[in-house]
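Written out below as structure tokens is the structure these notes cover.
Residue numbers (our numbering): 512 to 809.
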């Protein structure tokens, strides 16, 4: 049997999941049986009782691991993807969440599917990320990375925010709204979609800007090249913040600027052989399907 190129595998497991210890034990036994070396991500090790599995931080995983298996939902995957993006560690997602756009392997099928993927039967897919800096008086006070989106938004009790948006040094518009979503193609199926934005295929080199409840109906979503440098200035408003994948936050003041560009890093997902983005959209967005081929165009 040929040796898998994924010899050392990191396991990342969502916390506070009922019955997870048994599932992890099953997975450990299976992977060890295939000859893989296993490590835990540090926070995973802290909430599970497997003292014989080494616990490593993201940098050590990036240096040692050939792949990472993430057991959880898309939120767990987002957090780990941002941490491992600089190290180009491929990610495999086992779905224990509700949507599972990125964690696409069902828990009940994880062993045979993982066996195939780690044996070389998979579809690899690269995704782009965004990175942004919050500048106050020209000094960076916060830096973040996003797999899905960067969101500038007002607080629940505040009035509309007024934002100035420049792209590649060119003034685009002043916008009064509840905020602005700057999303990757991956993030086009997240908050941007619920705010009325378009779906972008992950292979597209685009960044979508989606206003949140704009005052002027002429403020529409727009897709920009992912080579763009997007600058957002806080013209006025109270209790405004910026978040990266809804997981890291910074509070903003008037005249603060957020500069957003495509990250030099990317992430690679390993999907089961035969995986299709369109299958995922149809399943997760509940698009209609014709039973037994009825109604299809021929």
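The beta carbon of each residue, even a glycine, is placed where N, CA and C say it ideally should be. Computed from a predicted model, the values in this text were never measured in an experiment.
Locate the beta strand (DSSP E) running through residue i, then write down its first and last residues.
i           : result
residue 681 : 681 to 688
residue 541 : Where residue 541 is concerned, there is no enclosing beta strand (DSSP E), although the alpha helix (DSSP H) it sits in stretches over 531 to 544.
residue 642 : 633 to 647
residue 558 : First-last for residue 558: 553 to 558, but that is the alpha helix (DSSP H), not the beta strand (DSSP E).
residue 491 : This structure cannot speak to residue 491, because the chain is shown only from 512 to 809.
residue 673 : 672 to 678
residue 650 : 650 to 657
residue 664 : 660 to 665
residue 464 : Because the chain spans 512 through 809 in this model, residue 464 falls outside it and cannot be assessed.
residue 522 : 519 to 524
residue 759 : 759 to 763
Quick one: grab the DSSP three-state call for residue i.
i           : result
residue 564 : coil
residue 623 : helix
residue 697 : helix
residue 742 : strand
residue 794 : helix
residue 779 : strand
residue 774 : strand
residue 715 : coil
residue 629 : helix
residue 618 : helix
Just tell me which of the options has its CA closest to the CA of residue i.
i           : options            : result
residue 677 : 515, 739, 660      : 739
residue 597 : 515, 569, 528      : 569
residue 593 : 743, 681, 654      : 654
residue 640 : 713, 682, 658, 585 : 658
residue 732 : 744, 765, 692      : 692
residue 774 : 656, 646, 576      : 656
residue 620 : 630, 632, 605, 631 : 605
residue 637 : 600, 645, 650, 648 : 600
residue 730 : 741, 698, 736, 688 : 688
residue 771 : 643, 630, 557, 526 : 643
residue 580 : 565, 552, 563      : 552
residue 794 : 524, 613, 603, 558 : 613
residue 777 : 785, 556, 635, 792 : 635
residue 582 : 603, 563, 541, 540 : 603
residue 695 : 735, 727, 682      : 735
residue 651 : 761, 796, 534      : 761
residue 715 : 737, 703, 728, 706 : 737
residue 595 : 618, 721, 571, 790 : 571
Tell me which same chain residues have a C-beta within less than 6 Å of the C-beta of residue i, skipping the five on either side of it?
i           : result
residue 669 : 749, 750
residue 809 : Any reading at residue 809 must be qualified, since the residue scores a pLDDT of 46, below 50, and its modelled position is unreliable; the value itself is stated next. The answer is none, since no qualifying residue turns up.
residue 519 : 548, 575, 576, 577
residue 744 : 675, 768
residue 517 : 577, 578, 629
residue 588 : 581, 604, 613, 614
residue 515 : 629
Below 7 Å CB to CB, which residues in the same chain sit around residue i once its five sequence neighbours on both sides are set aside?
i           : result
residue 690 : 662, 663, 664, 665, 672, 723
residue 784 : 627, 632, 633, 634
residue 528 : 607
residue 765 : 745, 747
Can you give me the start and stop residues for the alpha helix (DSSP H) that residue i sits inside?
i           : result
residue 587 : 585 to 595
residue 574 : 569 to 575
Does the beta carbon of residue i come closer than 7 Å to any beta carbon on chain B?
i           : result
residue 670 : Among the chains in the structure shown there is no chain B, since it carries only a single protein chain.
Ignore the nearest five residues each way along the sequence and tell me which others in residue i's own chain have a CB closer than 8 Å to its CB.
i           : result
residue 699 : 708, 709, 710, 711, 719
residue 798 : 792
residue 564 : 522, 539, 549, 550, 551, 556
Counting Cβ pairs closer than 8 Å, one from the stretch 620 to 636 and one from the stretch 756 to 768, do we hit at least three?
no
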